[in-house]
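The structure appears below as structure tokens.
Residue numbers (my numbering): 2 to 147.
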């Protein structure tokens, strides 16, 4: 899922429920949304919650940041699932705002990559119906830009 541009607990659950395909009532309160998310995620056997654009948490007030950071931690605890978060450098700052949550993460920095010649050949081949080739399967690698 993608962290909403203006995060809040209600918006977090609304986005999650939408992605889970759950119809939502406009008047549903946060507790109802939370219980629906828990019930559906447990029923379908979710094992990992992936959240992109975690740095968007910083768009909220300090109080909103604390609440939004607590939400994935709560889901992880209750459902015994893993969390994977992505974002720009500010994502580290956002996650470090919750010490308990920050302790659960090992941080990795991904190198920038460039759409170089190898990428162009692979993408062109896929567009023409060739079998998809990845750098991992071909032994090639894409060059990181500097």
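Don't be surprised by glycine CBs; every beta carbon is placed ideally from N, CA and C. Predicted model only: the values in this text are computed from it and were never measured.
A Cβ-Cβ distance of about 10 angstroms is found for the pair residue 54 and residue 91, leaving them out of contact under the 8 angstroms criterion. For residue 52, the secondary structure class from DSSP, reduced to helix, strand or coil, is strand. In the same chain as residue 69, and ignoring 5 residues on each side of it, the C-beta atoms closer than 7 angstroms to its own belong to 8, 9, 10, 13, 58, 61, in chain order.
CA-CA distance, residue 103 to residue 96, rounds to 6 angstroms. Secondary structure of residue 21 (DSSP, three-state): coil. Here DSSP, grouped into helix, strand and coil, assigns residue 3 to strand. Taking all protein chains shown into account, residue 35 has 16 or more neighbouring C-beta atoms within 10 Å of its C-beta and is therefore buried. In the structure shown, residue 89 falls within a coil segment according to DSSP collapsed to helix, strand and coil. Within the same chain, and ignoring the five residues on either side of residue 72 in sequence, the residues whose Cβ sits closer than 7 angstroms to its Cβ are 10, 13.
Per DSSP, reduced to three states, the secondary structure at residue 84 is strand. Here residue 66 carries a helix assignment [DSSP, helix/strand/coil]. The Cβ atoms of residue 38 and residue 23 lie closer than 9 angstroms to each other. Following the DSSP letters along the chain, one finds residue 58 in no alpha helix (DSSP H), marked with neither H nor E. For residue 33, the enclosing alpha helix (DSSP H) begins and ends at 31-45.
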